[in-house]
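> Residue numbers (this note's numbering), protein chains in the order written: chain C, 45 to 351; chain Y, 114 to 380.
Here's a structure for you.
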Amino acid sequence: MAAELAIETRQLTKFYGKSRGVVDLDLDVRRGEIYGFVGPNGAGKTTTVRLLLDLIRPSRGSATILGMDVGSQSKAIRARTGFLPGELRMYDNLTGRQLLRFFGAVRGVSDMTYVHELAERLSAELNRRIGTLSRGNKQKIGVLQALMHRPDLVLFDEATSGLDPLMQQELYGILDEYRAQGGTVFFSSHYLDEVERICDRVGVIRDGTVILSDTLEAIQEKQVRRLRLEFAAPPPADFLTTVTGVQKESQQDTTVVALVQDNLAGALKEAAQHTVTDIEYEERRLEDIFLQYYDTREESDAAEPSA
Amino acid sequence: MLRNLLLKTLRDQRIPILAYGLGLGALALLIVAIYPTFAEAGADLEQAMENMPDAYKAFTGGVLSLTEFDGYLVSQYLIILPLILAIFAIIEGTGALRGEEERGTMDTLLSLPISRSQVVLHKAIATLISIVFVLIIIGVALYVSTQFVEGATLALDRLAVILLNTFGMGALFYCFSLFLSATLPSRRLAGVIGAVFAVGAYFFDAITDIVEGLYDYRVLGPFNYFEPLAILKEDLSFQNSGVLLGASLVFLLVGLLIFRRRDVAGI
Numbered sequence: 045m046a047a048e049l050a051i052e053t054r055q056l057t058k059f060y061g062k063s064r065g066v067v068d069l070d071l072d073v074r075r076g077e078i079y080g081f082v083g084p085n086g087a088g089k090t091t092t093v094r095l096l097l098d099l100i101r102p103s104r105g106s107a108t109i110l111g112m113d114v115g116s117q118s119k120a121i122r123a124r125t126g127f128l129p130g131e132l133r134m135y136d137n138l139t140g141r142q143l144l145r146f147f148g149a150v151r152g153v154s155d156m157t158y159v160h161e162l163a164e165r166l167s168a169e170l171n172r173r174i175g176t177l178s179r180g181n182k183q184k185i186g187v188l189q190a191l192m193h194r195p196d197l198v199l200f201d202e203a204t205s206g207l208d209p210l211m212q213q214e215l216y217g218i219l220d221e222y223r224a225q226g227g228t229v230f231f232s233s234h235y236l237d238e239v240e241r242i243c244d245r246v247g248v249i250r251d252g253t254v255i256l257s258d259t260l261e262a263i264q265e266k267q268v269r270r271l272r273l274e275f276a277a278p279p280p281a282d283f284l285t286t287v288t289g290v291q292k293e294s295q296q297d298t299t300v301v302a303l304v305q306d307n308l309a310g311a312l313k314e315a316a317q318h319t320v321t322d323i324e325y326e327e328r329r330l331e332d333i334f335l336q337y338y339d340t341r342e343e344s345d346a347a348e349p350s351a
Numbered sequence: 114m115l116r117n118l119l120l121k122t123l124r125d126q127r128i129p130i131l132a133y134g135l136g137l138g139a140l141a142l143l144i145v146a147i148y149p150t151f152a153e154a155g156a157d158l159e160q161a162m163e164n165m166p167d168a169y170k171a172f173t174g175g176v177l178s179l180t181e182f183d184g185y186l187v188s189q190y191l192i193i194l195p196l197i198l199a200i201f202a203i204i205e206g207t208g209a210l211r212g213e214e215e216r217g218t219m220d221t222l223l224s225l226p227i228s229r230s231q232v233v234l235h236k237a238i239a240t241l242i243s244i245v246f247v248l249i250i251i252g253v254a255l256y257v258s259t260q261f262v263e264g265a266t267l268a269l270d271r272l273a274v275i276l277l278n279t280f281g282m283g284a285l286f287y288c289f290s291l292f293l294s295a296t297l298p299s300r301r302l303a304g305v306i307g308a309v310f311a312v313g314a315y316f317f318d319a320i321t322d323i324v325e326g327l328y329d330y331r332v333l334g335p336f337n338y339f340e341p342l343a344i345l346k347e348d349l350s351f352q353n354s355g356v357l358l359g360a361s362l363v364f365l366l367v368g369l370l371i372f373r374r375r376d377v378a379g380i
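As structure tokens, then:
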């Protein structure tokens with residue numbers, strides 16, 4: 045299993061003095077997938093990425109990338125990975141072309157054909173000094189440097205911020221192709237729509253700990269969704285009370301509202317015994333699920349007595 | 114010029130190299146060119162020097178005569194050369210690690226397949242090469258100017274040893290600043306401590322020379338190992354330069370070990 049994992053962390057923990065970075069983080073990112081890593085600011089996303097890049101050292105726990113230990117084999121890992129943070133800080137005195145030539149030399153990339161191809165797709169300005177470029181144009185150079193050596197894994201940390209919607213779409217297309225060729229993407233973001241758009245699996249981090257990690261479909265399936273049924277005539281009072289995985293929320297005249305956990309088929313089977321005139325089944329987007337988790341947390345925080 | 118971090122660092126330093134080299138080279142030309150006016154002053158100047166307080170002599174390299182070219186060159190130029198080079202060394206040394214971290218470029222640099230040790234060593238070697246370039250320009254300016262000024266004689270071998278000794282001072286200030294850059298939480302703090310160290314070392318040397326009872330402590334200061342007058346007047350010795358380069362190496366290695374172990378600061 046470990047060989048199939050691009051990233052594996054076990055009880056990875058980082059404290060900055062007494063401040064929490066991440067705590068007992070267990071992550072499994074499979075090779076060839078785009079893994080969305082979502083959470084609000086301060087949840088521990090950037091700390092996780094910096095731990096994986098060996099920029100900071102864990103307080104305890106372990107992490108491997110492509111089967112190699114992040115601490116002792118960091119240089120070998122970085123030869124096979126690319127990195128793009130939300131606001132890439134580069135050498136402002138160099139032009140994009142000079143920077144890519146420098147990074148290419150360090151990475152051992154002699155053929156720049158792929159880089160030029162990507163630059164054309166992203167309309168990147170390579171001949172201007174980086175210091176004179178807008179944030180979005182700098183970010184395009186960042187995308188090029190992260191992918192120039194066709195890495196096995198790229199770590200994107202809020203990487204699309206600054207890109208206009210057209211360029212974001214172009215980047216999603218590039219990442220789709222990259223995945224199709226076997227590449228893995230660790231995609232840290234707080235833009236849930238883009239995570240839904242491109243990610244195969246999603247991990248949700250809260251207070252430095254991963255609280256949920258699964259495919260988007262599985263996460264959605266696990267969620268309680270509201271089912272609203274409209275009948276030609278009022279159904280009996282015990283309607284939907286015996287179906288497992290379904291909880292009737294209300295019944296008023298011909299309208300029944302139920303919360304469906306995982307047995308939509310059972311609910312529809314019972315409904316089919318009556319004349320149904322309308323059905324509404326709530327769609328749960330990642331944003332709803334995400335907010336549900338965080339709202340729950342805020343409620344429990346509020347319930348905790350202050351010290 | 115962008116094939117590796119060493120060459121990139123040299124490229125980044127090309128303007129300071131030219132500025133320091135040409136500036137200090139021009140100053141050398143000027144100092145040597147006006148030497149004849151000092152030589153002509155002859156006995157009057159000798160008398161004036163004799164009446165100078167010991168403190169003045171201590172701060173000008175222990176020179177006793179300004180009419181002799183050796184003493185003149187040391188007191189008017191060579192003794193301050195390490196302090197001017199220290200400005201370059203401290204800026205580059207503190208910027209090498211903490212500066213890159215504070216600009217946020219260290220994260221980008223360390224996302225490349227380059228180890229932290231390589232980052233330190235490439236930057237250190239490049240800056241030491243830059244100091245050599247500056248000293249070569251100064252050396253050429255000094256040697257050429259002495260060929261055209263009457264009474265100004267400077268043997269090539271002695272000039273080379275003086276430049277080596279000066280390089281030792283520059284290397285020490287750079288490596289100490291790099292060590293501070295690896296150790297302290299901000300570039301500004303590292304720069305302030307580096308500057309205090311350089312200027313303090315100069316004063317320390319002079320003070321231990323004139324205050325009775327402190328003389329034995331001279332060996333603790335780097336300027337004790339910078340003796341251009343002795344190189345010009347006595348036997349050629351590499352011992353002082355060896356001490357300075359050895360101390361530089363210690364600071365470099367300790368800084369490297371600290372940087373390898375600690376967290377890289379984010380922005």
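Built from N, CA and C at the ideal position, the CB exists for glycine as well.
#1: Assuming Gln213(C) is part of the beta strand (DSSP E), what are its boundary residues?
#2: Buried or exposed for Thr271(C), going by 16 or more other Cβ atoms inside 10 Å?
#3: Return the Cβ separation of Ile249(C) and Ala107(C) in integer angstroms, given the expectation that the two are a contact with Cβ distance under 8 Å.
#4: So what does Met192(C) bridge to, in DSSP terms?
#5: Arg271(Y) by DSSP, collapsed to three states: which one?
#6: Measure from the C-beta of Gly217(Y) to each C-beta in chain C and report whether the shortest distance is under 8 Å.
#7: Ordered along the chain, which non-local residues of its own chain (more than five positions away) have a Cβ less than 6 Å from that of Arg271(Y)?
#8: Span of the alpha helix (DSSP H) holding Gly184(Y)?
#9: Which one of His193(C), Leu330(C) and Ile121(C) has the shortest CA to CA distance from Met156(C)?
#10: Mind listing the chain Y neighbours of Val150(C)? Cutoff is C-beta to C-beta under 8 Å, in chain order.
#11: Check the Cβ of Lys121(Y) against every Cβ in chain C and list those closer than 7 Å, keeping chain order.
#12: Nearest-angstrom Cα distance between Ile250(Y) and Asp251(C)?
#13: Whose Cβ in chain Y lies nearer than 8 Å to the Cβ of Lys119(C)?
#14: Go through its chain and collect everything with a Cβ distance to Ile320(Y)'s Cβ below 8 Å, but skip five positions before and after it.
#15: Does Thr259(Y) pass the burial test, meaning 16 or more other C-beta atoms within 10 Å, or should it be called exposed?
#16: Check the Cβ of Ile17(C) against every Cβ in chain Y and list those closer than 7 Å, keeping chain order.
#17: Please confirm if Thr240(Y) has its CB atom under 8 Å from at least one CB of chain C.
#18: Return the first residue and the last residue of the beta strand (DSSP E) that Arg250(C) is part of.
#19: Just the chain C side, please: which residues come within less than 7 Å of Thr221(Y) by C-beta, in chain order?
#20: Under 8 Å between the Cβ atoms of Leu210(Y) and Val150(C)?
#21: Please check if any C-beta of chain Y sits within less than 8 Å of the C-beta of Phe334(C).
#22: Counting only beta-carbon separations shorter than 8 Å, does Leu97(C) have a partner in chain Y?
#23: Quick one: any contact between the region 140-156 of chain Y and the region 189-204 of chain Y, if contact means 3 or more CB pairs under 8 Å?
#24: Taking 8 Å as the CB-CB cut-off, is Phe283(C) touching chain Y?
#25: Going by beta-carbon coordinates alone, are Phe316(Y) and Ala265(Y) separated by less than 8 Å?
#26: Looking only at its chain, what residues have a beta carbon closer than 8 Å to the beta carbon of Gly126(C), apart from the 5 residues adjacent to it on each side?
#27: Which value, in whole angstroms, describes the spacing of the CA atoms of Ile185(C) and Asp220(Y)?
#28: Closer than 8 Å, CB to CB, is Ala351(C) near chain Y or not?
#29: Specify, as a first and last residue, the run of the alpha helix (DSSP H) that Ala239(Y) falls within.
#30: Counting C-beta neighbours from all protein chains within 10 Å, is the total for Met165(Y) 16 or more, i.e. buried, or is it exposed?
#31: Could you name the residues of the region 228-240 of chain C whose beta carbon sits closer than 8 Å to any beta carbon of chain Y, in the order they occur along the chain?
#32: Name, please, each residue of chain Y whose Cβ falls closer than 7 Å to the Cβ of Phe127(C).
#33: State the start and end residues of the unbroken beta strand (DSSP E) segment that holds Gly65(C).
#34: Given a cut-off of 8 Å, decide if Leu285(Y) and Ser361(Y) are closer than it, judged by their beta-carbon atoms.
#35: What residues in the region 178-199 of chain C have a beta carbon less than 7 Å from any beta carbon of chain Y?
#36: Return the bridge partner residues of Asp318(Y) from the DSSP annotation.
Put simply:
#1: Boundaries for Gln213(C): no beta strand (DSSP E) harbours it, while the alpha helix (DSSP H) harbouring it runs Pro209 to Ala224, taken from the DSSP string.
#2: The question names Thr, yet the displayed sequence has Leu at residue 271(C). So Leu271(C) ends up on the buried side.
#3: Between Ala107(C) and Ile249(C) the Cβ distance is about 15 Å, and since that is not below 8 Å, they are no contact.
#4: The partner list for Met192(C) (beta bridge, DSSP) is empty, contrary to what the question assumes.
#5: Reduced to three states, the DSSP call for Arg271(Y) is helix.
#6: With a threshold of 8 Å between beta carbons, Gly217(Y) makes contact with chain C.
#7: Leaving aside the five residues that flank Arg271(Y) on each side, the residues in its chain whose CB is nearer than 6 Å to its CB run, in chain order, Ile344 and Leu345.
#8: First-last of the alpha helix (DSSP H) with Gly184(Y): Phe182 to Leu186.
#9: Looking at His193(C), Leu330(C) and Ile121(C), the one whose alpha-carbon comes closest to that of Met156(C) is His193(C).
#10: Annotation: Cβ neighbours of Val150(C) in chain Y (cutoff 8 Å, chain order): Asn117, Leu118, Leu225, Pro226 and Ile227.
#11: Near Lys121(Y) (Cβ distances below 7 Å), the residues of chain C are Phe146.
#12: Each residue's Cα considered, the two are about 58 Å apart.
#13: Within chain Y, the residues near Lys119(C) are Pro226, Ile227 and Ser228.
#14: Within the same chain, Ile320(Y) has close Cβ partners Ala171 and Leu327.
#15: Buried is the call here.
#16: Here chain C comprises residues numbered 45 to 351, so residue 17(C) is not present and cannot be evaluated.
#17: Taking Cβ atoms only, chain C never reaches closer than 8 Å to Thr240(Y), which makes this a no.
#18: It spans Arg245 to Arg250 - the beta strand (DSSP E) in which Arg250(C) sits, taken as one unbroken run.
#19: Chain-ordered, the chain C residues with CB closer than 7 Å to the CB of Thr221(Y) read Leu132, Arg133 and Met134.
#20: Taking 8 Å as the Cβ cut-off, Leu210(Y) and Val150(C) do not qualify as a contacting pair.
#21: Look at Phe334(C): its C-beta is not under 8 Å from any C-beta on chain Y.
#22: Yes - at least one Cβ of chain Y is within 8 Å of the one on Leu97(C).
#23: Touching, per the Cβ criterion.
#24: Chain Y places no beta carbon closer than 8 Å to that of Phe283(C), leaving this residue out of the contacts.
#25: In this structure, Ala265(Y) does not lie closer than 8 Å to Phe316(Y) by Cβ.
#26: So the list reads Gln189, Ala190, Leu191, Met192, His193, Pro195, Leu197, Val198 and Leu199, once near-sequence residues are dropped.
#27: Ile185(C) and Asp220(Y) have their C-alpha atoms spaced approximately 16 Å apart.
#28: Any answer about Ala351(C) is weak, because its pLDDT of 33 lies below 50 and its placement is not dependable; what the coordinates show is given next. Chain Y, which has no Cβ nearer than 8 Å to the Cβ of Ala351(C), makes this no.
#29: Arg229 to Phe261 is the span of the alpha helix (DSSP H), which, as asked, contains Ala239(Y).
#30: With fewer than 16 Cβ atoms within 10 Å of its Cβ, Met165(Y) is classed as exposed.
#31: For chain Y, none of the residues of the region 228-240 of chain C brings a beta carbon within less than 8 Å of one of its beta carbons.
#32: Neighbours of Phe127(C) on chain Y, chain order: Ser224.
#33: It spans Ser63 to Arg74 - the beta strand (DSSP E) in which Gly65(C) sits, taken as one unbroken run.
#34: Their beta carbons are under 8 Å apart, which means Ser361(Y) touches Leu285(Y) by this criterion.
#35: Flagged: no residues at all.
#36: Bridge partners of Asp318(Y) according to DSSP: none are assigned.
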